[in-house]
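This report refers to the structure that appears directly beneath it.
Residue numbers (our numbering): 3 to 152.
Pasting the structure below:
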């Protein structure tokens, strides 16, 4: 299933929710978990609401580069406010978001291939590209969490 391995890893990091290493990130592990889950839920909701007939492919150099090398450079992107964690993070919110992600992931498999969402740097992503984006983005934050904990 889409993102199942990454989701399992996110769940494993919940016990380290409050850990922080400011040489790696100014945010704690919980922040990265919350942000990753908010992105997954937000993107899947956008894809579900999209009109597949309106999808048009367009070349995007940044997307091509990131997707080719499977790498997000650290500290280069700026997240929209809707996917930023709140000031006060609670473990219960992480658990609730995981439940929502699991429900959302089940619904993705039945969507048309031209379901899409618009990413601020990568442009319009179809369903296949969206899956790759979610995996790359989640792995990016999982690597940060791993570095915080080492």
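Don't be surprised by glycine CBs; every beta carbon is placed ideally from N, CA and C. Keep in mind the model is a prediction, meaning the values are calculated, not measured.
Helix, strand or coil at residue i [DSSP, three-state]
{"i": "residue 145", "result": "helix"}
{"i": "residue 52", "result": "coil"}
{"i": "residue 19", "result": "coil"}
{"i": "residue 25", "result": "coil"}
{"i": "residue 40", "result": "helix"}
{"i": "residue 59", "result": "coil"}
{"i": "residue 2", "result": "Residue 2 lies beyond the range of the chain shown here (3 to 152); nothing can be said about it."}
{"i": "residue 151", "result": "helix"}
Distance CB(residue i)-CB(residue j) smaller than 8 Å
{"i": "residue 103", "j": "residue 43", "result": "yes"}
{"i": "residue 143", "j": "residue 38", "result": "yes"}
{"i": "residue 13", "j": "residue 100", "result": "yes"}
{"i": "residue 138", "j": "residue 72", "result": "yes"}
{"i": "residue 106", "j": "residue 8", "result": "no"}
For residue j and residue i, the rounded distance between their alpha carbons
{"i": "residue 89", "j": "residue 49", "result": "28 Å"}
{"i": "residue 116", "j": "residue 129", "result": "6 Å"}
{"i": "residue 22", "j": "residue 93", "result": "15 Å"}
{"i": "residue 66", "j": "residue 124", "result": "8 Å"}
{"i": "residue 10", "j": "residue 54", "result": "30 Å"}
{"i": "residue 25", "j": "residue 119", "result": "34 Å"}
{"i": "residue 131", "j": "residue 121", "result": "11 Å"}
{"i": "residue 70", "j": "residue 110", "result": "24 Å"}
{"i": "residue 6", "j": "residue 33", "result": "20 Å"}
{"i": "residue 19", "j": "residue 30", "result": "7 Å"}
query: Fully enclosed by the segment 69-136, which alpha helix (DSSP H) runs are 4 residues long or longer?
result: 93-110
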